[in-house]
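Undergrad: These protein sequence lines map, in sequence, to chains A and B.
With the first letter of the first sequence counted as 1, position 80 gets the number 80 in UniProt numbering; the numbers rise by one all the way through.
With the first letter of the second sequence counted as 1, position 296 gets the number 296 in UniProt numbering; the numbers rise by one all the way through.
For glycine and all other residues, C-beta sits at the position ideal for the given N, C-alpha and C.
Here it is, the structure, as structure tokens.
Number of protein chains: 2
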Amino acid sequence: MHKATTVFHAPPSVITSAAVGGKKENEGPYGKYFDKINDDPYFTRETYEEGECQLQKQAVRIALEKAVLKEEDIDVLIGGDLLNQCVGTTYGVRDYNLPFLGIYAACSTMSEGLLLASMLAAGGFADIAMAVTSSHFCTAERQYRMPLNYGGQRPPTAQWTATAAGALAVSPKGSAPYVRGVTIGRIVDMGVTDANNMGAAMAPAAYSTIREFFRDTEMFPSDFDHIVTGDLGKVGSRLLCEMADEDAIDIRSRHLDCGLMIYDSDRQDVHSGGSGCGCAASMLCGYFIPELKSGRLKNILFAATGALLSPTVSQQGESIPSVSHLVWLSSEKGSAEQ
Amino acid sequence: MHKATTVFHAPPSVITSAAVGGKKENEGPYGKYFDKINDDPYFTRETYEEGECQLQKQAVRIALEKAVLKEEDIDVLIGGDLLNQCVGTTYGVRDYNLPFLGIYAACSTMSEGLLLASMLAAGGFADIAMAVTSSHFCTAERQYRMPLNYGGQRPPTAQWTATAAGALAVSPKGSAPYVRGVTIGRIVDMGVTDANNMGAAMAPAAYSTIREFFRDTEMFPSDFDHIVTGDLGKVGSRLLCEMADEDAIDIRSRHLDCGLMIYDSDRQDVHSGGSGCGCAASMLCGYFIPELKSGRLKNILFAATGALLSPTVSQQGESIPSVSHLVWLSSEKGSAEQ
């Protein structure tokens, strides 16, 4: 039987990455790692939705520029976002004349995009494959909860959708960092119905995928500098570590969560932490990939997590299925035997 | 430069497929090609959305049964649909414990799913990769236009969203039909803003991809029994053939459109034809794949088309970007040199 995990014989390389953020993201602890900051939530446009499109457009352009690539060097662009019908992506990238594959994995979108880009590159189907995603606080609030003007109260378990985007490109040829392996997540639904507690809904999916990676590869948490989750926030991160503790898997000592990194939760009033496709994507593209490229980090697991609900089915009383896709990134290419 | 088109050295095989439909689809000209018909639009559930989930659940199960496969034989399931956050898929397949990749390509979803499943199989990343998608008239009306109870008038250019699903599985090992090649579509936006005229919005995307396939492969329409589009309907099909005429590419003589096939438009009052992810998917899985398997058809191009709008951005005055992914299916495996 095939496994959900693929370890690449010839690991493809992440040849460029870019992170774009908003004002609040700039004020967070990782503000200096963003390639571009936009103080205006409208991005000089008429609507928040158009603003979110600019996030993706900028991220793709900067990722191209950083590697001195032209649009036509890209064989395929893979992208998606949280908005209905993924319009942040499709309207954001429609001016790039690129073969385009739309994906939907909620806040796990960058994991899925990087995973697919790596497979297409390693499989010989693309010389350069790009992945992009974004989220925007104002569009997400309108769509998933309340329009901002409503002034709704946020419970302590709620998370703050990051106004941010990340883009990266993968190629069979290139230098560090390398994508050494990937695990395709399974949908996990433990019956959580509180759409204001996404961390609790997503933690079991993250744990399921991380455990599956260790089982499939026979590796250990100690093989990695960090095990990075997407946006579990305070509540979900605690649950993840507790589940791992029960199986005596030491995730706790090397766990980082992008949702807990991107903001200073005490100072920035974000309750349980950051969230949104752009949260994990910008931390990966702005911070982790450069750290791996420089060799300051050697090996990380990047497991962004997505809650696959919609407001319609939540209102119909449904629980929240989640998914987490995982990517093993390394500063070393490894041996062909692996 | 890499091309948007991949012609496989070792074409993977479509080892099973299943089509599920509703009452109206059963009454259409291809009713007998469905593996299962559900007369109840609720599928014995409480909501139309739950009904749509059943469509996908049934399609996956029947596709497995027809090939005597077990759930655990599947390495990855790729799926998406038209509903916000693709909940028809995620809630429909959550009970299958399968590695899952969510995609979004509107009504081009089966093309994208089959394309990706073929790449993952041909690339050695999956022994068996499945793709699934669906649409449901009642969920689509509620979400994209008006709840059914509103009793809105439909203009003559409008299409009827099929209540249908298709599922298939691809493997590096197997018999006919084979996936000989794929073309990843580019987003095309010609400025059409009428959400009741999807055919006109999508036709340029279909033509862009079909033309790119012929250019990349140096093949001709005469190499194919049929050039099949997804759901251009009457208006879009006419536009597609006119665009091809201008470039002296004879699509017209072998063009079929699933949206024009699935219903008898005179008798069934569907205006410009059928539409929805399930329209092209069920015609492919129920009719074309069995015809190719039997050898009654030798070669087809399958280019489903998707309109990438959302109601939110349509209300903001935006035009409708579209995409069309293409798959070349053949009853023959071809030579390794191709």
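Tell me the rounded alpha-carbon separation between B:LYS23 and B:ASP39.
TA: Mapped onto the second sequence, residue 23 of chain B falls at position 23. Mapped onto the second sequence, residue 39 of chain B falls at position 39. So the alpha carbons of these two residues sit roughly 5 Å apart.
Undergrad: Using C-beta distances below 6 Å, list every residue in its chain close to B:ALA206, excluding the 5 sequence neighbours before and after it, in chain order.
TA: In the second sequence, counting from the first residue as 1, residue 206 of chain B sits at position 206. THR229, LEU240, ALA303, THR305, SER324.
Undergrad: With DSSP as the reference, identify every bridge partner of A:ALA307, one or two as the case may be.
TA: In the first sequence, the residue the question calls residue 307 of chain A occupies position 307. BP columns for A:ALA307 point to A:SER322.
Undergrad: Measuring only between beta-carbons, confirm whether B:LEU308 sits less than 8 Å from chain A.
TA: For the purposes of this step, residue 308 of chain B is taken as the residue at position 308 of the second sequence. For B:LEU308, the answer is yes, since a Cβ of chain A falls inside 8 Å of its Cβ.
Undergrad: Identify the contact partners of A:LEU64 in chain D, using a Cβ-Cβ distance below 8 Å as the criterion.
TA: Within the model displayed, chain D is absent; protein chains A and B are what it includes.
Undergrad: According to the Cβ coordinates, are B:GLY236 and B:THR209 closer than 8 Å?
TA: In the second sequence, the residue the question calls residue 236 of chain B occupies position 236. In the second sequence, the residue the question calls residue 209 of chain B occupies position 209. Not in contact: B:GLY236 and B:THR209 (Cβ atoms no closer than 8 Å).
Undergrad: First and last residue of the alpha helix (DSSP H) that includes B:TYR91?
TA: Along the second sequence, one-based indexing puts residue 91 of chain B at 91. Per DSSP, B:TYR91 belongs to the alpha helix (DSSP H) from 87-93.
Undergrad: Taking only beta-carbon atoms, is A:LEU101 less than 8 Å away from chain B?
TA: Here residue 101 of chain A refers to the residue found at position 101 when the first sequence is read from its first residue. Yes, contact with chain B.
Undergrad: Cα separation between A:CYS86 and A:LEU326?
TA: In the first sequence, residue 86 of chain A corresponds to position 86, counting from 1. In the first sequence, residue 326 of chain A corresponds to position 326, counting from 1. So the alpha carbons of these two residues sit roughly 22 Å apart.
Undergrad: Excluding the five sequence neighbours on either side, which residues of its own chain have a C-beta within less than 7 Å of the C-beta of B:SER319, listed in chain order?
TA: On the second sequence, position 319 is the one that residue 319 of chain B refers to. Once the five neighbours on either side are set aside, the close Cβ partners of B:SER319 are ASP189, GLY191, VAL192, THR193.
Undergrad: Closest to A:LEU64 by CA distance: which of A:TYR91, A:HIS136, A:LEU168, A:SER118 is it?
TA: As a position in the first sequence, residue 64 of chain A is number 64, starting the count at 1. Checked all of A:TYR91, A:HIS136, A:LEU168, A:SER118; the closest Cα to A:LEU64 is A:LEU168.
Undergrad: Under the three-state reduction of DSSP, which class applies to A:VAL182: helix, strand or coil?
TA: If you number the first sequence from 1, residue 182 of chain A lands on position 182. The answer is strand: DSSP assigns A:VAL182 an E or B state.
Undergrad: By how many angstroms is the C-alpha of A:THR139 removed from the C-alpha of A:TYR48?
TA: In the first sequence, residue 48 of chain A corresponds to position 48, counting from 1. In the first sequence, residue 139 of chain A corresponds to position 139, counting from 1. Roughly 6 Å separates the two Cα atoms.
Undergrad: Can you list the residues of chain A that B:GLU49 reaches, using a CB-CB cut of under 9 Å?
TA: On the second sequence, position 49 is the one that residue 49 of chain B refers to. SER310, THR312, VAL313, GLN316, GLU318, listed in chain order.
Undergrad: Using only the alpha-carbon positions, how far apart do A:PRO321 and A:THR161 sit?
TA: What you label residue 321 of chain A is simply residue 321 of the first sequence in a count that begins at 1. What you label residue 161 of chain A is simply residue 161 of the first sequence in a count that begins at 1. Between A:PRO321 and A:THR161, the C-alpha separation is close to 19 Å.
Undergrad: Count the other CB atoms, across all protein chains shown, that sit within 10 Å of the CB of A:MET1; report buried if there are 16 or more and exposed otherwise.
TA: Within the first sequence, numbered from 1, the residue matching residue 1 of chain A stands at position 1. Residue confidence is low: A:MET1 scores 45 on pLDDT, short of 50, so the model does not pin down where it sits. No coordinate-derived value is stated.
Undergrad: Name the two residues that bound the continuous beta strand (DSSP E) containing A:MET219.
TA: Walking along the first sequence from the start, residue 219 of chain A turns up at place 219. Per DSSP, A:MET219 belongs to no beta strand (DSSP E) and is neither H nor E.
Undergrad: Round the Cβ separation of B:GLY233 and B:ASP257 to the nearest angstrom and send it over; I've been treating them as touching at under 8 Å.
TA: Within the second sequence, numbered from 1, the residue matching residue 233 of chain B stands at position 233. Within the second sequence, numbered from 1, the residue matching residue 257 of chain B stands at position 257. With a Cβ gap of about 7 Å, B:GLY233 and B:ASP257 count as contacting.
Undergrad: Would you decide whether A:HIS9 is buried or exposed? Buried here means 16 or more other CB atoms lie within 10 Å of its CB.
TA: On the first sequence, residue 9 of chain A is found 9 positions in, with the first residue counted as 1. Looking at its Cβ environment, which holds fewer than 16 other Cβ atoms inside 10 Å, A:HIS9 is exposed.
Undergrad: Bridge partners for A:SER13 per DSSP, in chain order?
TA: Taking the first residue of the first sequence as 1, we reach residue 13 of chain A at position 13. Beta-bridge pairing links A:SER13 to A:SER171, A:TYR178.
Undergrad: From the beta carbon of A:MET190, is the nearest beta carbon of chain B less than 8 Å away?
TA: On the first sequence, position 190 is the one that residue 190 of chain A refers to. Taking Cβ atoms only, chain B never reaches closer than 8 Å to A:MET190, which makes this a no.
Undergrad: Can you tell me the Cα-Cα spacing of B:ASP264 and B:PRO29, whole angstroms?
TA: Position 264 of the second sequence, counted from the start, is the residue given in the question as residue 264 of chain B. Position 29 of the second sequence, counted from the start, is the residue given in the question as residue 29 of chain B. In a straight line, the C-alpha of B:ASP264 is about 6 Å away from that of B:PRO29.
Undergrad: Per DSSP, what kind of secondary structure is B:PHE43 in: helix, strand or coil?
TA: Taking the second sequence and counting its residues from 1, the one referred to as residue 43 of chain B is at position 43. The answer is coil: DSSP assigns B:PHE43 none of H, G, I, E or B.
Undergrad: How about A:CYS285 and A:SER17: are their beta carbons less than 8 Å apart?
TA: In the first sequence, residue 285 of chain A corresponds to position 285, counting from 1. In the first sequence, residue 17 of chain A corresponds to position 17, counting from 1. Yes, these two residues count as a Cβ contact at 8 Å.
Undergrad: So which residues of chain B does A:LEU120 contact, with C-beta pairs closer than 7 Å?
TA: To locate residue 120 of chain A, count along the first sequence from 1; it is residue 120. Going along chain B in sequence order, the residues near A:LEU120 (Cβ under 7 Å) are MET119.
Undergrad: By the DSSP assignment, the beta strand (DSSP E) with B:PHE100 in it spans what residues?
TA: Within the second sequence, residue 100 of chain B is the residue found at index 100, counting from 1. That run of the beta strand (DSSP E) goes 100-102.
Undergrad: Say whether the segment 164-184 of chain B touches the segment 117-136 of chain B, bearing in mind that this needs 3 or more beta-carbon pairs closer than 8 Å, one atom from each stretch.
TA: Yes, since at least three Cβ pairs between the segment 164-184 of chain B and the segment 117-136 of chain B fall closer than 8 Å, the two stretches touch.
Undergrad: Alpha carbon to alpha carbon, how far is A:GLY276 from B:LYS298? Give it in angstroms, no decimals.
TA: Counted from its first residue, the second sequence places residue 298 of chain B at position 298. Counted from its first residue, the first sequence places residue 276 of chain A at position 276. If you take the alpha carbons of B:LYS298 and A:GLY276, they lie about 46 Å apart.
Undergrad: Measure the beta-carbon distance from B:SER282 to B:GLY21 and round it to whole angstroms, keeping in mind my assumption that it falls under 8 Å.
TA: Here residue 282 of chain B refers to the residue found at position 282 when the second sequence is read from its first residue. Here residue 21 of chain B refers to the residue found at position 21 when the second sequence is read from its first residue. Indeed, because the Cβ distance is near 6 Å, the residues count as touching under 8 Å.
Undergrad: Which runs of the beta strand (DSSP E) fall wholly inside the segment 192-262 of chain A and span at least 3 residues, in chain order?
TA: Counting whole runs of 3 or more residues, the segment 192-262 of chain A contains the beta strand (DSSP E) stretches 226-229, 255-257.
Undergrad: What is the C-beta distance between A:ILE78 and A:LEU101, in whole angstroms, given that I count them as a contact (C-beta under 8 Å)?
TA: If you number the first sequence from 1, residue 78 of chain A lands on position 78. If you number the first sequence from 1, residue 101 of chain A lands on position 101. Confirmed, Cβ separation roughly 5 Å.
Undergrad: I'd like to check one pair, B:ILE62 with B:ASP95: are the Cβ atoms closer than 8 Å?
TA: Locating residue 95 of chain B in the second sequence gives position 95, where the first residue counts as 1. Locating residue 62 of chain B in the second sequence gives position 62, where the first residue counts as 1. Going by C-beta atoms, B:ASP95 is not nearer than 8 Å to B:ILE62.
Undergrad: Taking Cβ to Cβ, would you say A:ARG215 is nearer than 8 Å to A:TRP328?
TA: Counting from one through the first sequence, the residue named residue 215 of chain A turns up at place 215. Counting from one through the first sequence, the residue named residue 328 of chain A turns up at place 328. No; because the gap between Cβ atoms is not below 8 Å, this pair is not in contact.
Undergrad: State yes or no: is the beta carbon of B:PRO321 nearer than 8 Å to at least one beta carbon in chain A?
TA: Indexing the second sequence from 1 puts residue 321 of chain B at position 321. Yes, contact with chain A.
Undergrad: List the endpoints of the continuous beta strand (DSSP E) containing B:LYS3.
TA: As a first step, residue 3 of chain B must be located in the second sequence, where it is residue number 3. Premise fails: B:LYS3 is in no beta strand (DSSP E) and is neither H nor E.
Undergrad: Let me know if B:ASN149 comes out buried or exposed under the rule of 16 or more other beta-carbons within 10 Å of its beta-carbon.
TA: For the purposes of this step, residue 149 of chain B is identified with residue 149 of the second sequence, where counting begins at 1. Answer is exposed; the Cβ neighbour count stays below 16.
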